[in-house]
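Counted from 1, the sequence shown has number 8 at position 8 by the UniProt record's numbering; the numbering is strictly sequential. Report on one structure; see the data block that follows.
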Amino acid sequence: MPECTNCGNQVEESDNFCSNCGEPQNATAQNQLDQKIATRANQQAGSSQSTSQRSQRDEIIERASYAVGFIFVVSAISVLPSLGGVFTLLGGILLFPPVRQLSARVFGSPLKVEFNAAVAVVLMLLGTAIHYLV
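Here it is, written out as structure tokens:
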């Protein structure tokens, strides 16, 4: 009975791979493994390029969300004794990315950025209208 070329474990003549360490035991098995590795490497290379482009866009959106949310929160604090400040504050807090991620717990997936921004703007406008009309 032959031994594995890698770990020395006993293998059958018909085995393509060692049952102990997974080492290929013949040229056919080695070719299969090389093809599988090449296929996976190509898949990973393709997905990492699209991920880096997507993450760059997401990073810009995240930074803009923090900036606009911060402006909303600061303006809300300045008028907080008014009821309009509460709505403005809620709109600002809603823009922060961690709050968007927390919405995934309630709805099953995070709210779309556009929807989140629209709700925040509506709350800001509502808060502004209440502040100046009341």
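Every residue gets a Cβ at the ideal spot worked out from N, C-alpha and C, and that includes glycine.
Simplified DSSP assignment, three categories, for residue i
i          : result
proline 24 : strand
Residues that residue i bridges to, as DSSP identifies them
i            : result
glutamine 10 : Glu3
Buried or exposed (CB count within 10 angstroms, at least 16 for buried), residue i
i           : result
cysteine 7  : exposed
cysteine 21 : exposed
glycine 108 : exposed
serine 14   : exposed
serine 78   : exposed
proline 24  : buried
Only counting runs of 4 or more residues, tell me where the alpha helix (DSSP H) segments fall wholly within the segment 55 to 129, in order along the chain.
83 to 95 and 97 to 107, all fully within the segment 55 to 129.
Are the segment 87 to 94 and the segment 34 to 43 touching by the rule of at least three beta carbon pairs closer than 8 Å?
In this structure the segment 87 to 94 does not lie against the segment 34 to 43, because fewer than three pairs of beta carbons, one per stretch, are closer than 8 Å.
Using 8 Å as the threshold, is the segment 64 to 80 in touch with the segment 93 to 103, meaning 3 or more CB pairs across them?
yes
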